[in-house]
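K.L.:
Using numbering that gives the first Met the number 0, you'd call the opening residue of the sequence shown number 0 and step up by one each time. We put the beta carbon where it would ideally sit given N, CA and C, even for glycine. Bear in mind that the values here come from a model prediction, so they are computed numbers and not experimental data. Quick one: this structure, given as structure tokens, is what I'll be asking you about.
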Amino acid sequence: MSRPRVGVLALQGDVREHARVLADLGADVTLVRRPEELAVVDGLVIPGGESSVIDKLSRSFGMQQPIRDAIQGGMPVYGTCAGLILLADRIVDGIAGQETFGGLDVTVRRNAFGSQADSFEVDLAVDAFDGPPVHAVFIRAPLVETAGPGVEPLAALPDGRIVAVRAGALLGTAFHPEVSGEHRFHRLFLDTVGAV
Ligand code: GLN
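Written as structure tokens, this is what we have:
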């Protein structure tokens with residue numbers, strides 16, 4: 000099989016970490032800032048960072064509509080943390096006027112853990128994966144508060160709150176596998192790219 004050609008949205012956030020994981024897994028990685036760059040990839044990762052900044056930059060770079068069109072057209076997209084917020088159809092506690100690309104039928108609460116648990120790490124059992132639990136790093140992370148019937152929860156905190164979801168070609172995690180050497184979510188994303 001030829002190498003999957005995938006993009007990392009490179010407007011803001013931890014772009015390099017995602018690019019490195021995807022390259023380690025054998026993908027041909029393009030940094031995407033312009034519609035022409037989006038047009039040549041078969042899948043897109045939206046990194047962690049600050050969702051309101053990525054939202055604003057995507058609008059000023061003329062990327063919002065092309066990304067919405069790509070999602071509607073079935074392009075596989077994986078969002079981590081801020082990227083998950085940007086994939087959500089509905090957000091709670093966004094800044095005034097904050098928009099998303101949408102596509103995932105979920106309501107996501109931004110900065111859901113407040114200041115006392117700004118950042119934390121926890122091991123999560125993920126039934127979809129063989130092997131050890133996922134070591135999940137949460138950094139000012141969001142939570143999936145509600146998920147529509149077509150959305151499959153992939154991981155939850157011990158108290159049941161959902162922190163990873165999949166629906167069709169879209170994948171979202173509230174945490175950052177790209178910073179902890181966890182490659183299985185990126186592999187799942189690349190498998191989806193290969194299957195389209
Ligand atoms: N709190 C950030 C936001 O609202 C997300 C943090 C992250 O991506 N690590 O976008």
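Could you check what DSSP says for D158 in three-state terms: helix, strand or coil?
P.N.:
To locate residue 158, count along the sequence shown from 1; it is residue 159. D158: coil per DSSP, three-state reduction.
K.L.:
Just to confirm my understanding: we take H182, look at its own chain, exclude 5 residues before and 5 after, and list those with CB closer than 8 Å. What are they?
P.N.:
In the sequence shown, counting from the first residue as 1, residue 182 sits at position 183. Excluding residues within five positions, the ones whose Cβ falls inside 8 Å are V20, D23, L24, P176.
K.L.:
In three-state DSSP terms, what is E98?
P.N.:
By one-based count along the sequence shown, residue 98 stands at place 99. Reduced to three states, the DSSP call for E98 is coil.
K.L.:
Considering only residues of the same chain and omitting the five flanking positions on each side of F197, which have a CB-CB separation below 6 Å?
P.N.:
Because the chain is modelled from 0 through 195, residue 197 falls outside the range shown and cannot be assessed.
K.L.:
Compute the beta-carbon to beta-carbon distance between V14 and L30, rounded to the nearest angstrom, for a pair I have assumed lies under 8 Å.
P.N.:
Sequence index remark: in the sequence shown, residue 14 carries index 15 (1-based). Sequence index remark: in the sequence shown, residue 30 carries index 31 (1-based). That pair is a contact at about 6 Å.
K.L.:
To the nearest angstrom, how far is the alpha carbon of G72 from that of Q64?
P.N.:
Taking the first residue of the sequence shown as 1, we reach residue 72 at position 73. Taking the first residue of the sequence shown as 1, we reach residue 64 at position 65. Between G72 and Q64, the C-alpha separation is close to 12 Å.
K.L.:
DSSP puts I45 in a beta bridge; with which residues?
P.N.:
Counting from one through the sequence shown, the residue named residue 45 turns up at place 46. Bridge partners of I45: G78.
K.L.:
Answer yes or no: do L43 and G171 have a C-beta to C-beta separation smaller than 7 Å?
P.N.:
For the purposes of this step, residue 43 is taken as the residue at position 44 of the sequence shown. For the purposes of this step, residue 171 is taken as the residue at position 172 of the sequence shown. Against a cut-off of 7 Å, the Cβ pair of G171 and L43 comes out as no contact.
K.L.:
Quick one: is A116 buried, meaning 16 or more other Cβ sit within 10 Å of its Cβ, or exposed?
P.N.:
Looking up residue 116 in the sequence shown gives position 117. Flag for A116 reads exposed.
K.L.:
Counting only the same chain and skipping the five closest in sequence on each side, list residues whose C-beta sits under 8 Å from that of V91.
P.N.:
Walking along the sequence shown from the start, residue 91 turns up at place 92. Excluding sequence neighbours, V91 sits near T106, V107, R108, R109, E144.
K.L.:
Could you check what DSSP says for G171 in three-state terms: helix, strand or coil?
P.N.:
Counted from its first residue, the sequence shown places residue 171 at position 172. Three-state result, G171: strand.
K.L.:
For G47, collect the residues of the same chain with a Cβ closer than 6 Å to its Cβ; drop the 5 residues on either side in sequence, then sort them by chain order.
P.N.:
By 1-based counting over the sequence shown, the position of residue 47 is 48. So the qualifying residues of the chain are G12, D13, T79, C80, A81, H175.
K.L.:
Should A111 and L153 be called a contact, given that it needs their Cβ atoms to be closer than 7 Å?
P.N.:
The sequence position of residue 111 within the sequence shown is 112, counting from 1. The sequence position of residue 153 within the sequence shown is 154, counting from 1. No; because the gap between Cβ atoms is not below 7 Å, this pair is not in contact.
K.L.:
Among the candidates A173, V136, R58, whose CA atom is the shortest distance from the CA of R32?
P.N.:
Along the sequence shown, read from residue 1 onward, the residue named residue 32 stands at position 33. When only C-alpha atoms are compared, the closest one is R58.
K.L.:
Have a look at L10 and G130 and give me their C-alpha separation to the nearest angstrom.
P.N.:
As a working note, residue 10 is residue 11 in the sequence shown. As a working note, residue 130 is residue 131 in the sequence shown. When rounded, the distance between both Cα atoms is 34 Å.
K.L.:
Can you tell me whether G93 is buried or exposed, with buried defined as 16 or more other CB within 10 angstroms of its CB?
P.N.:
Counting from 1 along the sequence shown, the entry for residue 93 is found at position 94. So G93 ends up on the buried side.
K.L.:
What residues in its chain sit with their C-beta under 7 Å from that of L150, if we drop five residues either side in the sequence?
P.N.:
For the purposes of this step, residue 150 is taken as the residue at position 151 of the sequence shown. A small fix is needed here, since residue 150 is Val in this sequence, not Leu. Same-chain partners within the cutoff: L103, D104, V105, V164, A166.
K.L.:
From the DSSP output, in three-state form, read off S1 for me.
P.N.:
Translated into the one-based positions of the sequence shown, residue 1 becomes position 2. Coil.
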